[in-house]
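I have placed the structure first, in the form of structure tokens, so that the comments after it can refer back to it.
Numbering (our numbering), first residue to last: 132 to 349.
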């Protein structure tokens, strides 16, 4: 009951006290509008920056930031031309850094965990320590992604570029270890039987027989 009285008093305070000097149609329209809500009963939002999560400020992350960013503040709005194409490329780069950092420790813990000659409690302790590491420390989380366009599919593992970038670079001889496929000489022949006597184009009989057995063109 007390709540209904408060609502009724609020509505009475919001009503128009002065008569409207407008047309009847407009006056009827305005009378049917809902009353405005007083600002004093509205919740005033306070916009405060969120605190840095604990999993972003662990000792391992601080060590990585100190080594990779050289004490540069990581959490600050700044514009850096880093060369990354999208957020997925940045995520893959971070995963590679974390996996390389924890790789020696994971190898040793896995060796202890899978060694059947060691005591069971020691193997269980190594397994718990291994599962307490970050998920990105496992190398299976790393995906092959193009370092130029961040494309996931059609990526050449040897060069870590997509097939489109590989063709663009290989066409202008900018890709190491790639060359054009050329058929100029010593190509395979399509004939099935040896012609005898040898054709006039053959220099000697021995050369003609040797090319036939090697399945080379005349």
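Where a beta carbon is used, it is the ideal one built from N, C-alpha and C, also for glycine.
Using a Cβ-Cβ cut-off of 7 angstroms (strictly less than) and excluding sequence neighbours within five positions of residue i, which residues of its own chain qualify?
i: residue 280; result: 216, 293, 296
i: residue 199; result: 228
i: residue 329; result: 336, 339
i: residue 220; result: 276, 281
Using a threshold of 8 angstroms, state whether the C-beta atoms of residue i and residue j are closer than that.
i: residue 276; j: residue 266; result: no
i: residue 230; j: residue 268; result: yes
i: residue 232; j: residue 261; result: no
i: residue 227; j: residue 273; result: yes
i: residue 278; j: residue 291; result: yes
i: residue 339; j: residue 331; result: no
Based on DSSP bridge pairs, tell me the residues matched to residue i.
i: residue 292; result: 287
Does DSSP put residue i in a helix, in a strand, or in coil?
i: residue 340; result: helix
i: residue 327; result: coil
i: residue 256; result: helix
i: residue 220; result: helix
i: residue 275; result: coil
i: residue 232; result: helix
i: residue 87; result: With the chain running from 132 to 349 in the structure shown, residue 87 is simply not present.
i: residue 249; result: coil
i: residue 263; result: coil
i: residue 333; result: coil
i: residue 305; result: coil
i: residue 162; result: Because residue 162 carries a pLDDT of 48, less than 50, the predicted location of this residue cannot be relied on, and no value is offered for it.
i: residue 189; result: coil
i: residue 312; result: coil
i: residue 282; result: coil
i: residue 345; result: coil
Among the residues of its own chain, which have a CB less than 6 angstroms from the CB of residue i, if the five just before and after it don't count?
i: residue 306; result: 300
i: residue 254; result: 244
i: residue 191; result: none
Who are the Cβ neighbours of residue i in its own chain at under 8 angstroms, not counting the five residues just before and after it?
i: residue 249; result: 243
i: residue 288; result: 275
Inset, instruction - Check whether the segment 231–239 touches the segment 296–313, taking contact to mean three or more Cβ pairs, one atom from each stretch, closer than 8 angstroms. - result: Contact annotation: the segment 231–239 does not touch the segment 296–313, with fewer than three C-beta pairs closer than 8 angstroms.
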